[in-house]
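Residues 364 to 685 (the numbering used here) make up the sequence shown, in order.
Every residue gets a Cβ at the ideal spot worked out from N, C-alpha and C, and that includes glycine.
Below is one structure; the comments refer to it alone.
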Amino acid sequence: MNDDEVKMKKQYIKKEDLARVKELDLLTYFKLYAPQELIRNGRNDYITRTHGSLHISNGLWCWWAKGIGGRNALKYLIEVEGKEFLEAALYLKNLLDHQPPEEIQPVSKSIYKFRLPRANLTNDIVKKYLINERKIDKEVVDYCINHYLMYEAAQDHSIVFIGFDHEQRAKFACIRSTNSNKKKDLPGSNKQYSFRIQNKESHILHVFEAPIDLLSYLTLEKQQHSEFGKDNYLSINGASIIGNSIENTSLPIALSDVLKNYEIHSIHLHLDDDKAGKDTTDKIIYHLKDQYEIFDDKITGYKDVNEYLIKKCFKEKDQFVK
C-alpha cells in the first residue's frame, strides 16, 4: 500500500459534514466553484462546456448521454467525473469550509404560492364543453374527473387540469376557458409535473402539447379499440422553436421527468402540425434518438389532435345522415 492509499484509508467525513455536502446542488456548485463550465441554455436551463448533453434545470441535473441524473453536486462528481465517494465528499467539504455559499437551496423556485382554484359544486359545464364542443368521449371525461385530474373552477367555470408530483401532491395546473380561447398556467405551477396519465405496466409514452389533445387521443383510442389508457400519456404544456442551433436546445422538463422516473422504451410524438410543434419534435428526436425508439405521429393537415377528432366526428355524422 503506497502513502496515498494509507492517507486515504485514514480519512473519513463526519455525518454532519456529509449532510452539509449533500445539500449542495449542482448549479450552486458550478456558479461558485466552476463558473467557466456553466452555459445558460434557457431561462431555467443550463448545460456545461465539458458535457453538452448534461442539463441543469429546476434544481435537478440529467446527463442524457448516459441516462443518469440527480440533484446534488456529490452525485455529479461520483457518476460523471468518476471520483470515489470519500474523495468527492471531502473535496466538497473543503470547498464549503473555505468558500461557503450564502444560502444553499433548490433553484428556480417560483415567487408565487401554488394554490388550486376553488372547485365548482358540479362539473356540468366542463363536461358539456368537452363532450359537445371538443368531442371528447364521456367515459374519458368521467375518468379524469373521478381521478381528480381535472375539475370545473367555481369562479369562471374553466377547466383546471392538474399535474401531481411523485408523492401525488398537486404541483401544476393549467386553466382552459370553456367560453373563450383563454388558457394559462396557474401561478406557481411547476412544469416538471405537467398533466399526465400513467400506466406503470406499459413502456410506451405518448407526448402531446396540451391536455385536450391528450384527451382527444384517448377518445380516438377508445373509438378504435373500445378501451383507452393502456399506455403512458404526457402533455408537455406547449412547444417552442429551435432557434439558432439544435445542439443548444433542451428537452421539455416534463418529458425529462417522465423518462427519469418511468421505464419507457418507445416514445410517440403527437405534437401540432406547425413550426413550433415540428421544431419541438425535432429537438426531442435529436436528444433521444440513441436512447429510445421514437415515432413522429403528428397528424398532418390538421392543427392538432383535437382538430382532427372534431372533423372526424363531423365527417362520420354527415356520412351517417346520408
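Worksheet item: Could you give the distance in angstroms between the alpha-carbon of Ser557 and the alpha-carbon of Gln374?
Response: In the sequence shown, residue 557 corresponds to position 194, counting from 1. In the sequence shown, residue 374 corresponds to position 11, counting from 1. Those two C-alpha atoms are separated by around 45 Å.
Q: Excluding the 5 residues preceding and the 5 following Ala451 in the sequence, name in chain order all residues of the same chain whose CB lies nearer than 7 Å to its CB.
A: Counting from one through the sequence shown, the residue named residue 451 turns up at place 88. Here the set comprises Leu437, Leu440, Ile441.
Among Glu572, Ser552, Tyr596, nearest to Leu581 - alpha-carbon criterion:
Translated into the one-based positions of the sequence shown, residue 581 becomes position 218. Considering only alpha carbons, the answer is Tyr596.
**Message:** Going by DSSP, what residue range makes up the alpha helix (DSSP H) through His510?
**Reply:** Locating residue 510 in the sequence shown gives position 147, counting from the first residue. From DSSP, His510 is part of no alpha helix (DSSP H); its letter is neither H nor E.
Item to complete: Figure out for me which residue from Tyr511, Pro480, Ala482, Ser543 has the closest Cα to the Cα of Arg497.
Response: Position 134 of the sequence shown, counted from the first residue, corresponds to residue 497. Taking only the C-alpha atoms, the option nearest Arg497 is Ser543.
Mind listing, in chain order, the continuous alpha helix (DSSP H) runs of no fewer than 4 residues lying wholly within the stretch 571-653? 574-588, 616-624, 638-651
My output table needs one value for Glu564: the three-state DSSP class, helix, strand or coil.
Position 201 of the sequence shown holds residue 564. Correct three-state label for Glu564: coil.
- Message: Starting from Glu450, trace the alpha helix (DSSP H) in both directions and tell me its first and last residue.
- Response: Translated into the one-based positions of the sequence shown, residue 450 becomes position 87. Run containing Glu450: 448-461, per the alpha helix (DSSP H) assignment.
Worksheet item: Can you find a C-beta in chain B that's less than 7 Å from the C-beta of His418?
Response: Chain labels in this structure do not include chain B; a single protein chain is all it has.
Span separating the alpha-carbon of Asn495 from that of Val570: By 1-based counting over the sequence shown, the position of residue 495 is 132. By 1-based counting over the sequence shown, the position of residue 570 is 207. Cα to Cα, Asn495 sits roughly 24 Å from Val570.
* Could you name the residues of the same chain whose beta carbon sits closer than 7 Å to that of Leu672, not counting the 5 residues immediately before and after it, in chain order? => Working through the sequence shown from its first residue, we reach residue 672 at position 309. Only Lys498, Ser579, Thr582, Leu583 meet the Cβ criterion.
Is Ser613 near Pro574, with beta carbons less than 7 Å apart?
For this step, residue 613 is matched to residue 250 along the sequence shown. For this step, residue 574 is matched to residue 211 along the sequence shown. No. Outside cutoff.
| field | Span of the beta strand (DSSP E), counted from its first residue to its last, around Leu417 | value | Indexing the sequence shown from 1 puts residue 417 at position 54. Residues 417-420.
Tell me the rounded alpha-carbon separation between Met513 and Asp667. Here residue 513 corresponds to residue number 150 of the sequence shown, with the count starting at 1. Here residue 667 corresponds to residue number 304 of the sequence shown, with the count starting at 1. Going by the C-alpha atoms only, they are around 21 Å apart.
Checklist entry - In or out: Arg478 buried (at least 16 other Cβ within 10 Å) or exposed? => result In the sequence shown, counting from the first residue as 1, residue 478 sits at position 115. With fewer than 16 Cβ atoms within 10 Å of its Cβ, Arg478 is classed as exposed.
Buried or exposed, going by whether 16 or more other CB atoms sit within 10 Å of the CB of Pro615?
Stepping through the sequence shown from its first residue, residue 615 is reached at position 252. Burial call: buried.
Might you give, ordered along the chain, the residues of its own chain that have their beta carbon closer than 8 Å to the beta carbon of Asn624, omitting 5 neighbours on each side? Taking the first residue of the sequence shown as 1, we reach residue 624 at position 261. For Asn624, where only same-chain residues beyond five positions count, the Cβ hits under 8 Å are His529.
Rounded to whole angstroms, how far is the Cβ of Ile508 from the Cβ of Val523, which I believe are closer than 8 Å? Position 145 of the sequence shown, counted from the start, is the residue given in the question as residue 508. Position 160 of the sequence shown, counted from the start, is the residue given in the question as residue 523. Going by Cβ atoms, the distance from Ile508 to Val523 rounds to 11 Å, so no, they are not a contact pair.
- Cutoff 7 Å; reference Tyr511; Cβ partners in own chain excluding five residues on either side: Numbered from 1 along the sequence shown, position 148 holds the residue referred to as residue 511. Only Ile525 meet the Cβ criterion.
Using the C-alpha atoms, what's the distance from Glu590 back to Asp635? Start at 1 with the first residue of the sequence shown, and residue 635 comes out as number 272. Start at 1 with the first residue of the sequence shown, and residue 590 comes out as number 227. Each residue's alpha carbon lies about 24 Å from the other.
Only counting the same chain, and skipping five residues up and downstream in sequence, which positions put a Cβ closer than 8 Å to that of Lys585?
Stepping through the sequence shown from its first residue, residue 585 is reached at position 222. Once the five neighbours on either side are set aside, the close Cβ partners of Lys585 are Asp500, Glu502, Val503, Phe591.
Practice item. Alpha carbon to alpha carbon, how far is Lys456 from Ser383? Give it in angstroms, no decimals. Key: Residue 383 sits at position 20 when you count from the first residue of the sequence shown. Residue 456 sits at position 93 when you count from the first residue of the sequence shown. The question names Ser, but residue 383 in the sequence shown is Arg. Their Cα atoms are separated by approximately 8 Å.
Please name the residue in Asp653, Asp645, Tyr396, Glu564 whose C-alpha comes closest to that of Asp659.
Taking the sequence shown and counting its residues from 1, one reaches residue 659 at position 296. Of Asp653, Asp645, Tyr396, Glu564, the residue nearest in Cα terms is Asp645.
Review point. Leaving out five residues before and five after Trp426 in sequence, what residues of the same chain have Cβ atoms less than 7 Å from its Cβ?
Key: Working through the sequence shown from its first residue, we reach residue 426 at position 63. Hits under 7 Å: His414, Ser416, Leu417, Gly432, Val443.
- Contact check, Asn435 vs Leu387 under 8 Å by CB: the rounded distance? Position 72 of the sequence shown, counting from 1, holds the residue named residue 435. Position 24 of the sequence shown, counting from 1, holds the residue named residue 387. Going by Cβ atoms, the distance from Asn435 to Leu387 rounds to 6 Å, so yes, they are a contact pair.
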